[in-house]
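S.K.: The structure that follows is given in the form of structure tokens.
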Amino acid sequence: SPFVTSGIRVGSPAITARGLKEDEARLIVRFIDRVLKNIDNEREIEKVKEEVKNLCSKHPIYPELWEYYFDNK
Numbered sequence: 010s011p012f013v014t015s016g017i018r019v020g021s022p023a024i025t026a027r028g029l030k031e032d033e034a035r036l037i038v039r040f041i042d043r044v045l046k047n048i049d050n051e052r053e054i055e056k057v058k059e060e061v062k063n064l065c066s067k068h069p070i071y072p073e074l075w076e077y078y079f080d081n082k
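Residue numbers for the sequence shown follow this note's numbering, beginning at 10 and rising by one.
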């Protein structure tokens, strides 16, 4: 039934709009998988957060905002 939710949908336009390619899309899937498999492991989740920040810093949507919020701290 289309009314029963059973998964996570990740929109590829959001990924490609940042200039990410297939390898980065696979990496995003691995990030999601690691968090879901370690949902109670705050240390692992923090590691994934840092890796996500690193990936996003290479492909910012608005570079000037990235610099303001993350590079100035």
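Think of the CB as a built atom: it goes at the ideal place given N, C-alpha and C, for glycine as much as any other residue.
Within a Cβ cutoff of 6 Å, which residues of the same chain sit near glycine 28, ignoring the five residues on either side of it in sequence?
M.R.: If we look at glycine 28 and ignore the five residues flanking it on each side, its Cβ neighbours are His68.
S.K.: What first and last residue would you give for the alpha helix (DSSP H) that runs through arginine 35?
M.R.: Element bounds for arginine 35: 31-46.
S.K.: Out of Ser15, Ile17 and Arg35, which has the shortest C-alpha to C-alpha gap to isoleucine 24?
M.R.: Measuring from the Cα of isoleucine 24, the nearest candidate turns out to be Arg35.
S.K.: Assuming isoleucine 70 contacts isoleucine 41 under a Cβ cut-off of 8 Å, what Cβ separation, rounded to an integer in Å, is found between them?
M.R.: Isoleucine 70 to isoleucine 41, Cβ: 19 Å. No contact.
S.K.: Do valine 57 and valine 85 count as a contact pair if the criterion is CB distance below 8 Å?
M.R.: A question about residue 85 goes unanswered here, because the residues of the chain that appear run from 10 up to 82.
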